[in-house]
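J.:
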Amino acid sequence: MAEQSVATAETESGVLARTSVAPGVAILGTDENIRFANAAFVSLIGHPVDEVVGKPLSAFYDMHRAEFACLAGVREAIAAGKEFCGTLHAEQFVAELCLVPVRDEAGAPRQFVVVMRDITGADRAEVELKETSRRFHDLFEHLPAGVVVHGPDTKILAANHVAAQWLGTNVEQMIGRGADDPAWRFIRKDNSPMQVAEQPVCRTIASKRNLSNLVIGVEHGEPQGKLWALCNTYHVCENGQLSEVVVCFTDCTELKRTEESLQKSEERLRLILQGSNDASWDWNLTTGELYYAPRWWQMVGRAENELPADEWLWLRLTHPEDQSRVLETFERALVGEKSAYEFELRLQHKDGHYVPVLLRGHIQRDAHGKAVRVSGTNTDLTERKAAESRIHQLAYFDYLTGLPNRRFLMEELHKLLSRSTRNGQIGALLFIDLDNFKLLNDTMGHDVGDLLLRQAAHRLRHTVREGDYVARLGGDEFVIVLDELGTDMKTAAAEADLVGHKVLAVCAEDYALPGRAYRSTATIGITLFDGHSEGVEALLKQADVAMYQAKAAGRNTLRFFDPIMQATIDQRYELEHDLREGLLRHEFRLFCQPQFDAAGRLVGGEVLLRWQHPQRGLVAPAEFVATAEATGLMVPVGRWVLGESCRRLAAWADDPVLGTIPLSVNVSAQQVRTPRFAADTLAVIADTGADPSRLSLELTESLLAENIEDVIEKMNRLKQAGIHFSIDDFGTGYSSLSYLKRFPLETLKIDQSFVHDILRDPNAAAIVEVIITLARKLGLQVVAEGVEQEAQRELLRQGGCDRFQGYLLGMPVSIDEFARRYGAAH
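UniProt numbering applies: residue 1 is where the sequence shown begins, and numbers increase by one.
#1: Check the C-beta distance from residue 572 over to residue 473 and give it rounded, since I have them as a contact under 8 Å.
#2: Within a Cβ cutoff of 8 Å, which residues of the same chain sit near residue 337, ignoring the five residues on either side of it in sequence?
#3: How many angstroms separate the CA atom of residue 220 from the CA atom of residue 240?
#4: Output the boundary residues of the alpha helix (DSSP H) element that contains residue 754.
#5: Compute the distance between the beta-carbons of residue 596 and residue 603, then report whether it is under 8 Å.
#6: By how many angstroms is the C-alpha of residue 65 removed from the C-alpha of residue 132?
#7: Which same chain residues end up closer than 7 Å to residue 279 when comparing Cβ atoms and leaving out the 5 residues on each side of it in sequence?
#8: Under a three-way DSSP split, which group does residue 194 fall into?
#9: Three-state secondary structure (DSSP) at residue 772?
#10: So, helix, strand or coil for residue 48, using DSSP?
#11: Could you have a look at residue 317 and say whether DSSP puts it in helix, strand or coil?
#12: Beta-carbon of residue 300 versus every beta-carbon of chain B: anything under 8 Å?
#13: Please say whether residue 285 and residue 374 have beta carbons closer to each other than 8 Å?
#14: Nearest to residue 754 by CA position, among 744, 746, 767, is which residue?
#15: Grab the span of the beta strand (DSSP E) containing residue 232 for me, first residue to last.
#16: Roughly how many angstroms separate the alpha carbons of residue 414 and residue 450, rounded to a whole number?
#17: To the nearest angstrom, how far is the alpha carbon of residue 577 from that of residue 426?
#18: How should residue 50 be labelled, buried or exposed, when 16 other C-beta atoms within 10 angstroms of its C-beta is the threshold for buried?
#19: What does DSSP give as the partner residues of residue 827 in its beta bridges?
#20: If you draw a straight line from the alpha carbon of residue 582 to that of residue 611, how long is it in whole angstroms?
#21: Inspect the CB distances between the region 554–564 and the region 520–528 and report whether three or more fall short of 8 Å.
#22: Can you grab the Cα-Cα spacing for the pair residue 331 / residue 470, in whole Å?
#23: Which ranges does the beta strand (DSSP E) cover as unbroken runs of at least 3 residues, wholly within the region 384–438, from first to last along the chain?
#24: Can you pull the DSSP bridge partners for residue 362?
#25: What number of angstroms, rounded off, separates the C-alpha of residue 508 from the C-alpha of residue 709?
#26: Classify residue 127: buried if its beta carbon has 16 or more other beta carbons within 10 angstroms, exposed otherwise.
#27: May I ask you to list the residues that DSSP assigns as paired with residue 516?
#28: Applying the criterion that 16 or more other CB atoms from any shown protein chain within 10 Å of the CB defines a buried residue, is residue 829 buried or exposed?
#29: What residue range does the alpha helix (DSSP H) around residue 656 cover?
#30: For residue 666, count neighbouring Cβ atoms within 10 angstroms of its own Cβ and tell me buried if that reaches 16, exposed if not.
#31: Cβ atoms of residue 634 and residue 593: under 8 Å apart, would you say?
#32: So the alpha helix (DSSP H) residue 816 belongs to, where does it begin and stop?
#33: Need the endpoints of the alpha helix (DSSP H) that residue 524 sits in, please.
#34: Quick check for students: name the residue ranges of the alpha helix (DSSP H) that lie wholly in the region 59–105, counting only runs of 4 or more.
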């Protein structure tokens, strides 16, 4: 039972017992040598722990001196395997010493537990107590530890102020209160409530045994919270009956909080390592001992210690290509001044593949700066490398075809141009556009279009040499970059031409599409480059211009860029610059052309855009709209046109004539495709105060063949607000009649090319007749634009046309002039 008591006490004390001012505890072997000693024991002996462990008690005290006679009793008790208690009178202290054997299953002593308690203060107090009871009372009150004396019924007989303060009360209130008093709120080490029977005094009374190093807490309100103490109990018997229980405790709140914080930190570290899947290791450079955690062995696919865990195991498993770099980095870290280092390496898995690893190490150095220990972690980078590869794939390669994308192409072209400057080699850039791809996409769907793009990419990839690049710019546009075609322009051009014709041939082969074989072709623009080329963007633009020249020549062919084309590019750059400046300088002007009904009454006007260029004068839309659309400037220009038109509608609201007619405003496809087109249009109406029922938006026919559901949704939203819609230049684009009836349209405008030929071309007249008939079937009005002759108007009127627009009836004029001519004041 004594051994059990000691073991219980040691178990309950935990970390606190080994680090507090509690009794000194040591474990002795049967050879009397000390195997373990806690801090209190070492402190009493007065020697460092490394000098205490491994030596007997007799190494520190002379057993032949009378005051150390108890050590002879210790030796005899060890030899006999018995318990022993005595008093050790050292020069600096007096200690109570108890020795208890710990036996094996056969009952033989295996080791001995020594508990040595400093009773110097108590011994002197006892002397002083004999001299005066006052000194005892002073000592009791001024002890740094809390002391509570209980009777056999657990009621408190005496207590000092330290105990009262720790319990949150005063001594007077404590006297007479028992363990079952509801005011006590004791808690266990795990913070759970402590039952009355578990309280130290109750356990001591029940077992009639002293308790040592029991951690107990008491729950206080804010701001104190929980307080903790290391508790010891002593029972006093008179005539064989328990008469008193003395409970002593030392506050260890900070130590307990530190321990809890340490436990939380260790748990966080464990969770972090577990969550991060890191493998820890430790290398003692002095002894050569190396420890690999289980996760390290798992990382290389082996059982623990399957291979000799010597100091160079990790280097033997390192990829041969990494070994010299890794070893050099490691050795440089050891002799350097920094304590931390990291590098990447590849460790061989048991199955033969290499695991990418990030090794982080921390170096411990002695007083002379010499590295004596290295510890760290290995992080498996397999998933991160896969993610990086995936990110790189997404950033630099086209998801549909797997080909390099524009970003990849631009970076590689920069490198090739730099290399051409050094080696004088000529390269070529082939800009490839698939003919009529948009029509395929619109008629057969995007899935079929994607299938054709993948097949085309596969053909292009297998047409070029190894080392050449094939990239997809987007849509149906591809680029091939040919490198090192020689140092002669003619030779390089011949090589590029040969590859270009191979590309035309493979692109013209049938494509295997669902349910049919589809025949398509490609058009190619080629530009050559060397170290003197202007730059990557210029090369792409040159090849793009050459490609459009090839399309103009009939498609399914190729063209080389030449200097004459450069003038076209320069003009386009200049026009783009001027357009941006013109938008900022408010150089755009609104013109308006009237529309009349069959009786000659003014029934509307079409808003037209003009550009008042500072050098070129008044510029018609035909000269700048294509460039504005290609550069994205048509969206802000279109917003300006819409805003100014609505302001005019609001200004004319009270005019008896102009206040009754609608204005037709052309809206570009780019503008309609913007996500906020409907919201922005309604905002303009609200801001200007224009009547939405007098606004008609003219859309191009081709717009109705793209993103149909999105366009319909936006049109319906604006239609509900009162805005009207018409199709401009009907008959010149592509639209499905099955879709046409789904759009909230009110008007079809016959393109002026048909009106122009209506008197001399039967086909044109037939088309106009079909358009008017179709409009009647769909309940739409018809406007003919470009009417220049009375005979044209009469023929259109007889055919059922509703409104007329053209030079015969009224030329486009500035919007101010329009108001003067057609307003009520005229």
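By construction, the Cβ of each residue, glycine as well, lies at the ideal position given by its N, Cα and C atoms.
Predicted, not measured: the structure shown is a model, and the values here were computed from it.
T.: If we stick to the structure as given:
#1: 18 Å between Cβ atoms; not a contact.
#2: 369
#3: 38 Å
#4: 752–757
#5: yes
#6: Bear in mind that a pLDDT of 46 at residue 132, under 50, signals an unreliable position, so the number given afterwards is only what the model happens to contain. Each residue's Cα considered, the two are about 32 Å apart.
#7: 293, 295, 296, 299, 377, 378
#8: coil
#9: helix
#10: coil
#11: coil
#12: In the structure shown, chain B cannot be found, because there is only a single protein chain.
#13: yes
#14: 767
#15: 226–238
#16: 30 Å
#17: 32 Å
#18: exposed
#19: With the chain running from 1 to 826 in the structure shown, residue 827 is simply not present.
#20: 8 Å
#21: yes
#22: 45 Å
#23: 427–434
#24: 340, 375
#25: 33 Å
#26: Below a pLDDT of 50, predicted positions are generally treated as unreliable, and residue 127, at 46, falls in that range; the measurement from the model is reported next regardless. Residue 127 comes out exposed.
#27: 513
#28: In the structure displayed, the chain extends from 1 to 826; residue 829 sits before or after that span and is not available.
#29: Per DSSP, residue 656 belongs to no alpha helix (DSSP H) and is neither H nor E.
#30: buried
#31: no
#32: 815–822
#33: From DSSP, residue 524 is part of no alpha helix (DSSP H) but of the beta strand (DSSP E) over 522–529.
#34: 70–80
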